[in-house]
Amino acid sequence: VGVKNLKHPFCLVGSFGEERALAGIKHLRKSGLVRPRWALIGEPSELHAVTTHKGILYMKATFQTNRSDLSDTSDRSDSHNAKQFSGRAAHGSTPHLGENAIFKAFQWLFEESERQPNLEITRINGGTVHNIVPEKCVVEWAQGKGASPSIAFLKKFWSTLEIAKKRLESERDTRIDPP
Numbered sequence: 008v009g010v011k012n013l014k015h016p017f018c019l020v021g022s023f024g025e026e027r028a029l030a031g032i033k034h035l036r037k038s039g040l041v042r043p044r045w046a047l048i049g050e051p052s053e054l055h056a057v058t059t060h061k062g063i064l065y066m067k068a069t070f071q072t073n074r075s076d077l078s079d080t081s082d083r084s085d086s087h088n089a090k091q092f093s094g095r096a097a098h099g100s101t102p103h104l105g106e107n108a109i110f111k112a113f114q115w116l117f118e119e120s121e122r123q124p125n126l127e128i129t130r131i132n133g134g135t136v137h138n139i140v141p142e143k144c145v146v147e148w149a150q151g152k153g154a155s156p157s158i159a160f161l162k163k164f165w166s167t168l169e170i171a172k173k174r175l176e177s178e179r180d181t182r183i184d185p186p
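Each residue of the sequence shown is one higher than the last, beginning at 8 in this note's numbering.
Now the structure itself:
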């Protein structure tokens, strides 16, 4: 089809910032330079129709631990412990190429809380940006006076996440998504 035979104008656009709130497309749209009636979005799908897309989960949990919930040694500087976990960073589009340090930290935390039922999380810090598999995570903890509600919450959250992963795996389009 020659350009002269097109009934509607055609424009090929490349953009930036698709992982940062579609910054490039938003800028182009606001500029008014291109006002399409239709849009064809190019993705590596080998011309198969795509009806789903990868999502992202953001989680920020804040727990407040009363000083009285920690054992009497909590005033000593050596009563708080820290453990660092290492993984391998990878882009969020290919998470199977990475090794998630936060997942490692959670696995250790759940196992350790079975050995030390009074373990109380004082801080978890991991990851740097939403589209990178986290390569570092630090867990800080102290001895509490009873079972930790924050660990109970994380176990429930982890269980829900595992159920969602299994369901999503059953609906994955292997022609498009990596393993």
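Don't be surprised by glycine CBs; every beta carbon is placed ideally from N, CA and C. Because the structure is a prediction, the values reported are computed rather than measured.
query, result
"Per DSSP, what kind of secondary structure is H103 in: helix, strand or coil?", "helix"
"According to DSSP, simplified to helix, strand and coil, what is V10?", "helix"
"With a 10 Å radius around its C-beta and 16 neighbouring C-beta atoms as the bar for buried, classify V20 as buried or exposed.", "exposed"
"Return the chain-ordered list of same chain residues with a C-beta closer than 8 angstroms to the C-beta of A248, the five sequence neighbours on each side being excluded.", "In the structure as shown, the chain starts at 8 and stops at 186, and residue 248 therefore has no counterpart that could be examined."
"By the DSSP assignment, the beta strand (DSSP E) with T135 in it spans what residues?", "It is not in any beta strand (DSSP E) - T135 carries neither H nor E in the DSSP assignment."
"Between which two residues does the alpha helix (DSSP H) carrying A37 extend?", "According to the sequence provided, residue 37 is Lys. The question's Ala does not apply to it. Element bounds for K37: 30–38."
"Would you mind giving the Cβ-Cβ distance between A30 and G39, rounded to the nearest angstrom? I have them listed as a contact below 8 angstroms.", "In fact, because the Cβ distance is near 17 angstroms, the residues do not count as touching under 8 angstroms."
"On the DSSP letters alone, give me the boundaries of the beta strand (DSSP E) that K90 sits inside.", "88–93"
"What residues are listed by DSSP as bridge partners for H98?", "I139"
"Could you work out which residue in I109, T101, H103, H98 is closest to F92 when comparing CA atoms only?", "I109"
"Determine the burial state of N1: buried for a count of at least 16 other Cβ atoms within 10 Å of its Cβ, exposed for fewer.", "In the structure as shown, the chain starts at 8 and stops at 186, and residue 1 therefore has no counterpart that could be examined."
"Applying the criterion that 16 or more other CB atoms from any shown protein chain within 10 Å of the CB defines a buried residue, is I48 buried or exposed?", "exposed"
"For G153, which residues of its own chain have a beta-carbon under 7 angstroms away from its beta-carbon, when the five flanking residues on both sides are left out?", "N125"
"For A149, which of helix, strand or coil comes out of DSSP?", "strand"
"Going by DSSP, which residues form a beta bridge with E127?", "A149"
"Out of L13, S177, S120, R36, which one is the CA nearest neighbour of F160?", "S120"
"So who's on the other strand from C144, going by DSSP bridges?", "F92, G133"
"Quick one: give me the first and last residue of the alpha helix (DSSP H) that I190 is part of.", "Outside the shown range of the chain (8 to 186) lies residue 190, about which nothing can therefore be said."
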